[in-house]
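Working notes, structure below.
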Amino acid sequence: MIADIEQKDILWIIIAVFVLLTGAGIVMLLIRRKFRSESSTTENPEVPFTLDQVRQMHQQGHISEGEFQRLKDKILKETLFDRPDK
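Take any residue in the sequence shown, count from 1 to its spot, add 25: that is its number in our numbering.
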């Protein structure tokens, strides 16, 4: 039965499998990107605030200059260097 398959048919089967695997890979990549883009810094337990919130806390005197700088650096590091599209 397998011996009856012509080389032309085998080529089409290989192409179809390649296209299906490539399509599945692209779908998985898009799903992964969507889930990673939905996560924000507020969901990250290490950075529970947005940069805007940290600025407001600093301006209102709730945190010191040093705390502000540390939080700002951490937020920027998490948001700029941990992006899926970079």
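Note that beta-carbon positions come from the ideal geometry of N, C-alpha and C, so glycine has one too. In this text the structure is predicted, and so the values were computed from the model without any measurement.
Rounded to whole angstroms, the separation of the alpha carbons of residue 49 and residue 41 is 12 Å. Contact between residue 38 and residue 76 is absent: CB atoms are separated by about 53 Å, not below the 8 Å threshold. The three-state reading of DSSP puts residue 103 in helix, counting H, G and I together. Within the same chain, and ignoring the five residues on either side of residue 79 in sequence, the residues whose Cβ sits closer than 8 Å to its Cβ are 88, 93, 96, 97, 100.
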